[in-house]
Structure formats: structure tokens, C-alpha cells
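Participant: At position 21 of the sequence shown (counting the first as 1) the number is 71 in my numbering, and the numbers step up by one without a gap.
Virtual Cβ for every residue (Gly too), placed ideally from N, Cα, C.
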Amino acid sequence: MPQTKSSAENVATRGGDGKALNPRDRRADPRVMRPIFAVALAVALLGGAVDARHAFSRPGTPRHHGFALALDRVAEEISGRRDVSVRCDTTADPSILGSVTFYGASPGREALLAPPVCSMLHRLWEGRRPSLACTELGHGQCGQEVLELAWAASALAHESYHLGGVRNEAAAECYGLQSTARVARRLYAPPAYAARLGTYTFWNVRPPVDYGYFSPECRDGGTLDLHPASSVWP
Ligand SMILES: [Zn+2]
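#1: Going by DSSP, what residues sit across from E160 in a beta bridge?
#2: Which term fits W201, buried or exposed, when burial requires 16 or more other beta carbons within 10 angstroms of its beta carbon?
#3: Fully enclosed by the segment 144-222, which beta strand (DSSP E) runs are 3 residues long or longer?
#4: Can you check which of these residues, P166, R217, R236, P112, is closest to G154 by C-alpha distance?
#5: State yes or no: is the C-beta of T251 within less than 8 Å of the C-beta of A220?
#6: Among all residues, which have a Cβ less than 6 Å from at least one non-hydrogen atom of ligand 1, and in what chain order do they fall?
#7: Please classify P278: does DSSP put it in a helix, a strand, or coil?
#8: Check this for me: beta carbons of Y211 and I128, under 8 Å apart or not?
#9: So which of R178, G177, M170 has the shortest CA-CA distance to L197?
#10: Give me the Cα-Cα distance between R123 and H189, rounded to the nearest whole angstrom.
#11: Let's test the definition: count the other Cβ atoms within 10 Å of the Cβ of D143 and tell me whether it reaches 16, buried, or not, exposed.
#12: Between A120 and W175, is the Cβ-Cβ spacing less than 8 Å?
#13: For H208, is the classification buried or exposed, using 16 other Cβ atoms within 10 angstroms of its Cβ as the cut-off for buried?
#14: Short of 8 Å in beta carbon distance, which residues of its chain neighbour N254, apart from the five on each side in sequence? Order them along the chain.
#15: Would you mind stating whether A244 and R256 have Cβ atoms separated by less than 8 Å?
#16: Does any C-beta atom of chain D lie closer than 8 Å to the C-beta of A183?
#17: Alpha carbon to alpha carbon, how far is R132 from E195?
#18: Which term fits L162, buried or exposed, when burial requires 16 or more other beta carbons within 10 angstroms of its beta carbon?
#19: For R269 and T230, what's the separation of their Cα atoms in angstroms?
#20: Alpha carbon to alpha carbon, what distance is there between G177 and Y263?
#21: Counting only the same chain and skipping the five closest in sequence on each side, list residues whose C-beta sits under 8 Å from that of F24.
#22: Drop a sphere of 10 angstroms on the beta-carbon of E267, count the other beta-carbons inside from all chains shown, and report buried for 16 or more, exposed for fewer.
#23: Apart from the five residues on each side of it in sequence, which residues of its chain come closer than 6 Å, Cβ to Cβ, to G272?
#24: Helix, strand or coil for G272 per DSSP?
In C-alpha cells form, the structure reads like this:
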């Protein structure tokens with residue numbers, strides 16, 4: 051991140067020093083000067099464009115690349131916000147997969163995801179997806195990897211809804227469970243794989259009702275159905 055910033059400043063500086071435009075340099079041939087002027091102008095405009103982009107990102111927003119940027123994009127898309135990011139770091143308790151801090155009714159700008167969640171999502175992102183053959187009828191139980199992937203993808207979706215202002219846990223969980231496939235697609239899983247993961251996740255990693263994380267309205271046509279007009283579920 052500091053790298054990006056300093057290179058942007060370099061561009062702006064180069065555009066601003068205008069050596070090629072020095073009017074005291076009488077030897078400058080106008081035919082030569084015009085292209086130089088065009089280059090200087092282009093550099094100045096480029097500097098301006100970079101500055102404008104900096105102005106859009108509020109101070110403190112981490113400049114992510116690669117996988118970290120892919121997580122940010124998912125959080126942005128689901129939350130509908132441009133100022134959010136995802137941080138992979140230890141959570142308050144090993145059983146906590148992720149969290150978003152609320153300030154009153156307003157969510158913060160960052161979702162925290164536990165390292166095991168991030169490493170599973172990283173596997174998905176780099177194309178090292180565990181086989182979902184176990185999710186087919188008659189193929190027995192799925193192994194730990196598939197369960198962890200299901201938890202991880204739905205955790206990112208869940209926290210992204212929190213970033214979008216959904217504070218109620220049962221609602222965030224239900225919306226998240228309906229968005230697991232979307233998360234998987236955004237992390238480059240083929241559509242059929244993503245859909246299969248979404249269905250598996252809904253039926254297999256649902257948290258117990260008694261913790262307040264699951265609502266009976268989380269069903270096709272229920273009040274928490276994101277697409278009530280469609281009979282596709284989740
Ligand atoms: Zn939550």
C-alpha cells in the first residue's frame with residue numbers, strides 16, 4: 051500500500067515540474083515542443099486521475115491486491131458499499147468465524163475473518179477446490195474440507211450482510227446462506243460447483259435454532275427469502 055501511494059505521488063510530481071515547458075528555453079523547436087507538451091499534459095492528466103482515485107478511497111482504507119482484493123470485492127458487492135474491506139486476523143475466540151463492529155445502528159467498514167476461514171477461501175480463489183462429489187445422493191458424508199469450505203463461504207457472505215447494515219443475526223445468517231453460491235462464483239468457482247456448494251451449505255451448516263442464528267422464516271417464500279418471486283432455494 052505505501053508503494054502504490056508513493057508511485058502515485060511520483061506521477062503527480064513528474065507531471066507538475068514542467069521542465070519541457072520552460073519558456074526561457076528559447077532553443078526549443080516548436081515542432082519538437084508540441085509532442086513534448088502533449089506528453090507533459092498526458093502525464094499531468096494521469097497524475098490528476100490518480101489523485102482523483104485517491105480522493106475516492108477514504109484514508110485508512112487498506113490497498114489490497116490479489117486474494118485480499120477479491121475478498122473486498124465480495125464484501126462490496128453484497129453490502130452495496132464501496133468503503134468496506136475484509137481483514138483476515140484472529141477473532142476474539144477460535145469459535146468465532148468472523149465479525150463486524152457496529153457503532154449504534156451503523157456497521158463499521160471492516161469485516162474480520164478468522165485465519166482458517168481465509169485459508170479455505172484462499173484455496174477456493176486459487177482453484178484448489180475440494181471435490182463436492184460427496185454432496186451427491188448416496189455418496190456418504192462429506193469430509194472436513196467440504197464442511198470448512200461451506201462454513202467459510204457462508205461466513206464471508208454473512209459478514210458482508212452485516213457490513214450492509216443487517217444487524218439481526220438470523221437475518222444475516224439467512225441472507226448469507228442464500229449467497230454462499232454467489233461468494234463461491236466471485237472467488238472463481240465454476241457456476242455448477244458454486245450452486246452445489248450453496249445447496250450443501252444451506253442444508254448442512256445451518257446453526258442451531260436456539261442460538262438465535264436461525265429463523266423459521268429462512269425458507270423459500272419466507273420473509274427472509276431474498277428472491278420471494280423465485281422458487282429456487284437457497
Ligand atoms: Zn453475525
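Facilitator: From the atom records:
#1: Among the bridge pairs identified by DSSP, E160 is matched with S135.
#2: By the beta-carbon neighbour count (other beta carbons within 10 angstroms, threshold 16), W201 is buried.
#3: 148-153, 156-163
#4: R217
#5: no
#6: H208, H212, E219, A222
#7: coil
#8: yes
#9: Looking at the Cα atoms, M170 is the closest of the given residues.
#10: 34 Å
#11: When all chains shown are included, D143 counts as exposed.
#12: yes
#13: buried
#14: C192, L197, A200
#15: No, the pair does not count as a contact, with Cβ atoms beyond the cut-off.
#16: Here chain D cannot be found, since the structure has a single protein chain.
#17: 32 Å
#18: buried
#19: R269 and T230 have their C-alpha atoms some 15 Å from each other.
#20: 31 Å
#21: The question about residue 24 has no answer, for the chain in this structure spans 51 to 284.
#22: Exposed, because fewer than 16 other Cβ atoms sit within 10 Å of the Cβ of E267.
#23: none
#24: Correct three-state label for G272: coil.
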